[in-house]
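> Residue numbers (this note's numbering), protein chains in the order written: chain A, 194 to 390; chain B, 194 to 390.
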DNA sequence: TGCATTACATACTAGTTAGTATGATGCAAA
DNA sequence: TTTGCATCATACTAACTAGTATGTAATGCA
């Protein structure tokens, strides 16, 4: 019980610091300084710093992305609208995330995936899952005659995901205004795919 | 003459290492180890590591982005096509960039702009310049009756730039295939704006 | 030619880094 | 009660970090 508590506390503290400053720029001393624990506790629960990073992804970032972006798509009657609103909710209403620091998953892809294979594999899974969820939504919309069958679902998912990744990057330098602009054009794009626009 | 040479050599070496590994993960010792010079040379030409980073942006990254993405837009007769082809050229033909490591400018925005004001200001300028160039292209296309005046140029630039930033991030985990998919949907989107599709 | 400045090289420092070694405490089962 | 394991704390190390101090060779200029 207390074991889980300590581990989770360290993990949450690490998440916040790494989210704001990056993985390499956040030291283990930094992390434990922000908790009531010491280095002994850290290395009791995590084998290495890399181990902490992997736990961070699989236990915090991945569930968070799934809850915000994937789950809404699998339970909806209006797949096209759900793509839009899941992203809108995440960008405008998620209190956990600060526009200045972007998206935790995208940040880690940027920083770690080119140089660390374990990070690369974990982060790939998140993106591929989201990609699949969007593509299934598009196929569902085709079946429901909401959008024409000529639409290539892979292209839609590519534009949606790259747009999300990009706007979370640009938000760091342009602020909230660009989120609203992006949501406006995303909405128009998705509606332009539908048969009765 | 030789002074410029040493500085430029250090700068180019630093660019390559920082492009691949990030700014924080690249040490000054790393950089000079990849040149024929020593720490004395480094600190003769650069006041601090931050100073090197700023020089990197203004002397290598900014001119590179302007040449690849901004200049083609200001000298063309077909502004919409130029937006597409400038990005296509950069993604598929630029030998300097490796898909695995993304875009140097986007990488630095991701890593440094939230925590370093000088980086933030320099990198903002690049994005704003590109944004303005795209918006002017859209306005030009409106004047030439290529696209309807109802199109909001700010929205187009937002989708194009966020798409570029995002796909250079996703390229790190998905490889070249996603560049082609992205270029396909970018082409379709831009053509969907035109009057005679 | 003499001199000052530039352009480096070498050797250092103080602080930080991930990770380890060892010890203390509590708790659960025997 | 005692044994053993889990849960931490403290103190350490070796390697690395940005930056400095100081010296020296080359270069431009009077």
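Even for Gly, the Cβ is constructed at its ideal location relative to N, Cα and C.
CA-CA distance, residue 194(B) and residue 202(B)?
Confidence in residue 194(B) is poor, its pLDDT being 33 and thus under 50, which makes the residue's placement unreliable; the coordinate value appears in the next sentence. The straight-line gap from Cα to Cα measures roughly 12 Å.
> At which residues does the alpha helix (DSSP H) containing residue 291(B) begin and terminate?
Unbroken run through residue 291(B): none, as it is neither H nor E.
> Looking at residue 234(A) and residue 199(A), is the spacing between their C-beta atoms short of 8 Å?
The answer is yes: Cβ separation under 8 Å.
> Is residue 382(B) helix, strand or coil by DSSP?
Helix, per DSSP.
> Expressed to the nearest angstrom, what Euclidean distance is found between the alpha-carbon atoms of residue 244(A) and residue 215(B)?
Straight-line Cα distance between these residues: approximately 21 Å.
> Using a Cβ-Cβ cutoff of less than 7 Å, which residues in the same chain neighbour residue 357(B) once the five nearest sequence positions on both sides are dropped?
280.
> I'd like the list of long-range same chain contacts for residue 265(A), defined as Cβ closer than 6 Å, with 5 residues on each side in sequence excluded.
Excluding residues within five positions, the ones whose Cβ falls inside 6 Å are 275 and 279.
> With a threshold of 8 Å between beta carbons, is residue 366(A) in contact with chain B?
For residue 366(A), the answer is yes, since a Cβ of chain B falls inside 8 Å of its Cβ.
> Counting only Cβ pairs nearer than 7 Å, list the residues of chain A close to residue 374(B).
The contacting residues are 347, 348 and 351.
> How would you call residue 229(B), buried or exposed, if buried means at least 16 neighbouring beta carbons within 10 angstroms?
The residue in question, residue 229(B), is exposed, as its Cβ has fewer than 16 Cβ neighbours within 10 Å.
> Using only CA atoms, which one of 294(A), 300(A), 383(A) and 293(A) lies nearest to residue 295(B)?
The shortest Cα separation from residue 295(B) among 294(A), 300(A), 383(A) and 293(A) belongs to 300(A).
> Can you give me the C-alpha to C-alpha distance between residue 346(A) and residue 330(A), rounded to a whole angstrom?
Using only the alpha carbons, I get a separation of about 9 Å.
> Can you list, in chain order, the residues of the segment 303 to 324 of chain B whose Cβ is nearer than 8 Å to any Cβ on chain A?
So the close ones are 303, 304, 306, 307, 308, 313, 316, 317 and 320.
> For the segment 376 to 390 of chain B and the segment 337 to 356 of chain A, state whether three or more C-beta atom pairs, one from each stretch, are separated by less than 8 Å.
Flag = yes, the segment 376 to 390 of chain B and the segment 337 to 356 of chain A touch.
> Is the segment 250 to 268 of chain B touching the segment 314 to 325 of chain B, taking contact as three or more C-beta pairs under 8 Å?
These segments touch.
> Thinking just about the alpha-carbon of each residue, which of 273(B), 231(B), 219(B) and 211(B) is nearest to the one in residue 340(B)?
Of the listed residues, the one whose Cα sits closest to residue 340(B) is 273(B).
> Taking Cβ positions, are residue 242(B) and residue 221(B) nearer each other than 8 Å?
Yes, these two residues count as a Cβ contact at 8 Å.
> I need the boundaries of the alpha helix (DSSP H) containing residue 393(B), first residue and last residue.
A question about residue 393(B) goes unanswered here, because the residues of chain B that appear run from 194 up to 390.
> With DSSP collapsed to three states, give me the class of residue 276(B).
The answer is helix: DSSP assigns residue 276(B) an H, G or I state.
> Closest by CA to residue 310(B), which one among 246(B), 283(B) and 364(B)?
Measuring from the Cα of residue 310(B), the nearest candidate turns out to be 246(B).
> At a Cβ threshold of 8 Å, is residue 279(B) touching chain A?
It does not; no Cβ of chain A falls within 8 Å.
> Mind listing the chain B neighbours of residue 293(A)? Cutoff is C-beta to C-beta under 7 Å, in chain order.
Ordered by position in chain B, the residues that pass the 7 Å Cβ test against residue 293(A) are 307.
> How many Å lie between residue 219(A) and residue 297(A) at the Cα?
Distance between the alpha carbons of residue 219(A) and residue 297(A) is about 14 Å.
> Contact defined as beta carbons within less than 8 Å: I believe residue 250(A) pairs with residue 365(B). What is the distance between those atoms, to the nearest angstrom?
Actually they are not in contact, since the Cβ atoms of residue 250(A) and residue 365(B) sit about 15 Å apart, beyond 8 Å.
> Just the C-alpha distance for residue 372(A) and residue 277(A), rounded to the nearest angstrom, thanks.
In a straight line, the C-alpha of residue 372(A) is about 12 Å away from that of residue 277(A).
> If we call anything under 8 Å between Cβ atoms a contact, is residue 217(A) one with residue 217(B)?
Yes, the Cβ-Cβ distance between residue 217(A) and residue 217(B) is below 8 Å.
> Compare the C-beta of residue 196(B) with all C-beta atoms of chain A and state if any pair is closer than 8 Å.
For residue 196(B), the predicted structure reports a pLDDT of 45, less than 50, and the residue's modelled location is therefore unreliable. The matter cannot be settled from this model.
> If residue 360(B) and residue 323(B) are in contact, beta carbons under 8 Å, what's the gap, nearest whole angstrom?
Not a contact, Cβ separation roughly 15 Å.
> Residue 248(B) touches chain A at which residues, Cβ-Cβ below 9 Å?
Neighbours of residue 248(B) on chain A: none; closest Cβ ~20 Å, over 9 Å.
> Residues of the segment 379 to 390 of chain B in Cβ contact with chain A at a cutoff of 8 Å, in chain order, please.
Of all residues in the segment 379 to 390 of chain B, 379, 381, 382 and 385 have a Cβ within less than 8 Å of some Cβ in chain A.
> If you run the structure through DSSP and keep just helix, strand and coil, what is residue 248(B)?
Residue state, collapsed to three classes: helix.
> Could you tell me the boundaries of the alpha helix (DSSP H) in which residue 341(B) lies?
First-last for residue 341(B): undefined, no H or E at that position.
> What three-state label does DSSP hand residue 218(A) in the structure shown?
Of the three classes helix, strand and coil, the one that applies to residue 218(A) here is coil, per DSSP.
> Tell me the residue span of the alpha helix (DSSP H) that contains residue 368(A).
Looking at the DSSP string, residue 368(A) is not in any alpha helix (DSSP H), and its letter there is neither H nor E.
> Among the residues of its own chain, which have a CB less than 7 Å from the CB of residue 213(B), if the five just before and after it don't count?
Counting only Cβ-Cβ distances below 7 Å, and skipping sequence neighbours, we find 294.
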